[in-house]
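Enquirer:
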């Protein structure tokens, strides 16, 4: 099994991500791609060819300098050529992780084959326990199979980490999930706030019935974090306001400005490219790689009917790469004129460039907002605030301004205190 150490050194991630296609053996209630998984006609539903997957992986290495990769589907363990793809990633210097529900791995032979192919580790979706888990994922008996898979992985020697979405159903089980992580040998647990990315943005998908407030989450979350701390298991919390936990827990809070410094998270540069539909569908070739500087701009919003016209123009030229490229360049130029500092000047450090991209993701992609009282909070500059969708459901009045002797402007202020896992293949640059 791969050895690891822990460190408080923070470096920028070099991990890419690949979506093979939204074909899955689960139907998780909060899945970002639920509609695409259910619809066989969606262009992102079927698995892509092995040759296309390899081309994307090669680009991640050659163009973006990535050294590891999260391979996901849908469900990657049911991808027909998964073993060949994993081996290829190893060959080209891309350490492969699978983001999986582990159903297939309830058979020990499947674990052995995956290890022989060269998988580095697994990120397992543990979104609940027993009947709660079965209900969340829409498959009876799923929890039992997942527990068998965890035992198999430990016996075969494949390292694993947990992902757990902070859904209303899972909250009462967070401490038990934390204990499971400690007892089963998980190296890391990621708790992820219930966010409306991709298909979850659709009206009616999220409501007060299935989304807990941050105040509801906090008590359960901090209790689980205590268990993980005592068990020496790394814990990360994604997309959660800093003020909603006590100070000693903030070292584990990773919002958009902090995510680039978690080496198990995705590199914003390559993610800006692999997140495009051309790289997430079976049909068609990949699009040209995007220089990271081109991803650091705030999309311009035109007034009134001009915005609708702009969208129609984009749709009409979407199939003409040269025209589309020119239109995007024009849009970026206008954005830099209107928004000033969001444009890339060529003088920023790499960390500053990633921070600028983080702010675009929070403000423009997810419409994060601050409560009025956030303006007096010492942490506002390093906190995203409240997701726009969440604020529409509950408002942002839960905010609890943190008052320190001075304003904090370093995104690493708290996370530099956290001991994080570094596997032996990455000792050379991450320690």
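In the UniProt record's numbering, the protein residues as written are 1 to 431.
Cβ coordinates follow ideal geometry from the N, Cα and C atoms, glycine included.
Write down every uninterrupted run of the beta strand (DSSP E) in the region 23-93 whose length is 3 residues or greater and which is fully enclosed by it, in chain order.
Expert: Runs found: 68-72.
Enquirer: With a threshold of 8 Å on Cβ separation, who are the neighbours of residue 177 within its own chain once the five nearest residues in sequence on each side are excluded?
Expert: Counted from its first residue, the chain shown places residue 177 at position 177. Within the same chain, residue 177 has close Cβ partners 126, 128, 129, 162, 164, 170, 189 and 224.
Enquirer: Rounded C-beta distance between residue 13 and residue 260? I'm assuming under 8 Å.
Expert: In the chain shown, the residue the question calls residue 13 occupies position 13. In the chain shown, the residue the question calls residue 260 occupies position 260. Indeed, because the Cβ distance is near 6 Å, the residues count as touching under 8 Å.
Enquirer: Does the beta-carbon distance from residue 378 to residue 402 come in below 8 Å?
Expert: Within the chain shown, the letter at position 378 stands for residue 378. Within the chain shown, the letter at position 402 stands for residue 402. Taking 8 Å as the cut-off, the beta carbon of residue 378 is found closer than this to the beta carbon of residue 402.
Enquirer: Would you check if there are 3 or more beta carbon pairs closer than 8 Å linking the region 104-111 to the region 144-160?
Expert: yes
Enquirer: How should residue 52 be labelled, buried or exposed, when 16 other C-beta atoms within 10 angstroms of its C-beta is the threshold for buried?
Expert: On the chain shown, position 52 is the one that residue 52 refers to. Counting Cβ neighbours within 10 Å, residue 52 comes out buried, since at least 16 surround it.
Enquirer: Do residue 57 and residue 28 have their beta-carbon atoms positioned less than 8 Å apart in this structure?
Expert: For the purposes of this step, residue 28 is taken as residue 28 along the chain shown, with counting starting at 1. For the purposes of this step, residue 57 is taken as residue 57 along the chain shown, with counting starting at 1. Not closer than 8 Å, so no.
Enquirer: What three-state label does DSSP hand residue 402 in the structure shown?
Expert: For the purposes of this step, residue 402 is taken as residue 402 along the chain shown, with counting starting at 1. Looking at residue 402 - three-state DSSP - the assignment turns out to be coil, as it is neither helix nor strand.
Enquirer: Within a Cβ cutoff of 6 Å, which residues of the same chain sit near residue 70, ignoring the five residues on either side of it in sequence?
Expert: As a first step, residue 70 must be located in the chain shown, where it is residue number 70. So the qualifying residues of the chain are 17, 97 and 99.
Enquirer: Within 10 angstroms of the Cβ of residue 415, are there 16 or more other Cβ atoms? Answer buried if so, exposed if not.
Expert: Residue mapping note: residue 415 aligns to position 415 of the chain shown, counting from 1. It is buried - the Cβ of residue 415 has at least 16 other Cβ atoms within 10 Å.
Enquirer: Output yes or no for whether 8 Å exceeds the beta carbon distance between residue 77 and residue 45.
Expert: The count along the chain shown starts at 1 and reaches residue 77 at position 77. The count along the chain shown starts at 1 and reaches residue 45 at position 45. Not in contact: residue 77 and residue 45 (Cβ atoms no closer than 8 Å).
Enquirer: Using 10 angstroms around the beta-carbon of residue 207, count the other beta-carbons present and answer buried if the total reaches 16, otherwise exposed.
Expert: Counted from its first residue, the chain shown places residue 207 at position 207. Classification of residue 207: exposed, given that the 10 Å Cβ count is below 16.
Enquirer: Which residue comes first and which comes last in the beta strand (DSSP E) that contains residue 164?
Expert: Start at 1 with the first residue of the chain shown, and residue 164 comes out as number 164. 160-166 is the span of the beta strand (DSSP E), which, as asked, contains residue 164.
Enquirer: Apply the 10 Å Cβ neighbour rule to residue 172 and answer buried if 16 or more other Cβ atoms are within range, or exposed otherwise.
Expert: Within the chain shown, the letter at position 172 stands for residue 172. Answer is exposed; the Cβ neighbour count stays below 16.
Enquirer: Could you compute how far the alpha carbon of residue 153 sits from the alpha carbon of residue 116?
Expert: The residue given as residue 153 occupies position 153 in the chain shown. The residue given as residue 116 occupies position 116 in the chain shown. Approximately 13 Å between the Cα atoms of the pair.
Enquirer: Return helix, strand or coil for residue 189, following the three-state DSSP convention.
Expert: Walking along the chain shown from the start, residue 189 turns up at place 189. Residue 189: strand per DSSP, three-state reduction.
Enquirer: Give the DSSP bridge partners of residue 156, in chain order.
Expert: Counting from one through the chain shown, the residue named residue 156 turns up at place 156. Bridge partners of residue 156: none, in fact.
Enquirer: DSSP three-state label for residue 428, please.
Expert: Within the chain shown, numbered from 1, the residue matching residue 428 stands at position 428. Residue 428 falls in the helix class under three-state DSSP.
Enquirer: Below 8 Å CB to CB, which residues in the same chain sit around residue 278 once its five sequence neighbours on both sides are set aside?
Expert: As a first step, residue 278 must be located in the chain shown, where it is residue number 278. Here the set comprises 284, 285, 286 and 287.
Enquirer: Let me make sure I understand the geometry here. Which of 281, 86 and 92 has the alpha-carbon closest to that of residue 65?
Expert: Along the chain shown, read from residue 1 onward, the residue named residue 65 stands at position 65. Closest by alpha carbon: 92.
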